[in-house]
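Residue numbers (the numbering used here): 173 to 415.
The beta carbon of each residue, even a glycine, is placed where N, CA and C say it ideally should be.
Here the structure is a predicted model, which is why all the values come from computation and not from measurement.
Following: one structure in structure tokens, then a few remarks.
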Ligand code: GLN
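This is the structure in structure tokens:
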């Protein structure tokens, strides 16, 4: 099998280098000798069939355009119903949900793949470093080490239905809807507010996505010395912050 990774609309949803998430997935597959391709699928083209789709953050205007194109295109929803995995960051997280606001506060429909809805927050934008303690496997969580990333969003996201939080926020704001939770996941879809690119900072999350897409329980080990140095540096600096 060739693992088909698709970076969705990097021209609209590529803030903070989030397209790098798809590249991390490609590299971590290739380093293990797993046959994988990456398609950077721009918004003017039909979305190709894939096994693992990545959506990144975006500014309010491009976000509305991206959601509309995805709804018109239809491929993302079809692929998910056929078993493809989705990893969505910030604007992408909001888009895969039920609805989200534009810059003026008007509500737009999302693709409806995850039971979350986003409204405009009444406070300040959530900006800064975030640490997330991921829910353990025993309670239906992903059971991963602490996630590190940074956030920059005005939207506040609440979960309903099948959606489970990715974890609890120990630094930063996260979803911002009262409880200190971050991200959401259900079925084949994982969403988070974390930029970084978050998969470069959190290789265990990248490997979780690869396992899901390849339908494997475990992957062979990689030498993650440099990734761990980056993580340790971030974790130490952020733990020292008072926010
Ligand atoms: N426009 C969205 C918000 O501000 C998402 C921002 C982002 O992707 N960084 O909530």
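7 Å CB neighbourhood of residue i in its chain, flanking five on each side removed
i: residue 371; result: 193, 196, 197, 377, 378
i: residue 315; result: 306, 308, 309
i: residue 373; result: 320, 321, 402, 403, 406
i: residue 391; result: 204, 379, 382, 383
Reduced DSSP category for residue i - H, G, I as helix; E, B as strand; rest coil
i: residue 270; result: coil
i: residue 187; result: helix
i: residue 289; result: strand
i: residue 234; result: helix
i: residue 383; result: helix
i: residue 283; result: coil
i: residue 389; result: coil
i: residue 176; result: strand
i: residue 324; result: strand
i: residue 249; result: helix
i: residue 243; result: helix
i: residue 300; result: strand
i: residue 409; result: helix
i: residue 259; result: strand
i: residue 202; result: helix
i: residue 366; result: coil
i: residue 340; result: strand
i: residue 397; result: helix
i: residue 378; result: helix
i: residue 135; result: This structure does not reach residue 135, given that the chain is present from 173 up to 415, and the question cannot be answered.
i: residue 195; result: helix
i: residue 310; result: helix
i: residue 224; result: strand
i: residue 402; result: helix
8 Å contact criterion, which residue i and residue j should meet: CB distance rounded
i: residue 260; j: residue 252; result: In fact, because the Cβ distance is near 11 Å, the residues do not count as touching under 8 Å.
i: residue 348; j: residue 298; result: 6 Å
i: residue 187; j: residue 230; result: 6 Å
i: residue 246; j: residue 287; result: About 20 Å separates the two Cβ atoms, so there is no contact after all.
i: residue 352; j: residue 341; result: 4 Å
i: residue 257; j: residue 224; result: 5 Å
i: residue 280; j: residue 271; result: 6 Å
i: residue 282; j: residue 266; result: 7 Å
i: residue 185; j: residue 249; result: Going by Cβ atoms, the distance from residue 185 to residue 249 rounds to 17 Å, so no, they are not a contact pair.
Contacts around residue i, its chain only, beta-carbon distance under 6 Å, and the 5 residues preceding and following it disregarded
i: residue 317; result: 376
i: residue 189; result: 369
i: residue 345; result: 298
i: residue 179; result: 191, 194, 212, 226
Distance cut-off 8 Å: residue i Cβ against heavy atoms of ligand 1
i: residue 115; result: The structure shown has nothing for residue 115, since the chain only spans 173 to 415.
i: residue 240; result: no
i: residue 360; result: no
i: residue 367; result: yes
i: residue 161; result: With the chain running from 173 to 415 in the structure shown, residue 161 is simply not present.
i: residue 324; result: yes
i: residue 296; result: no
i: residue 408; result: no
i: residue 262; result: yes
i: residue 315; result: no
i: residue 290; result: yes
i: residue 232; result: yes
i: residue 327; result: yes
i: residue 336; result: no
i: residue 266; result: yes
i: residue 235; result: yes
Cβ-based neighbour list, residue i, same chain, cut-off 8 Å, excluding 5 preceding and 5 following
i: residue 336; result: 307, 312, 313, 356, 357, 358
i: residue 411; result: 303, 343
i: residue 214; result: 181, 182, 183
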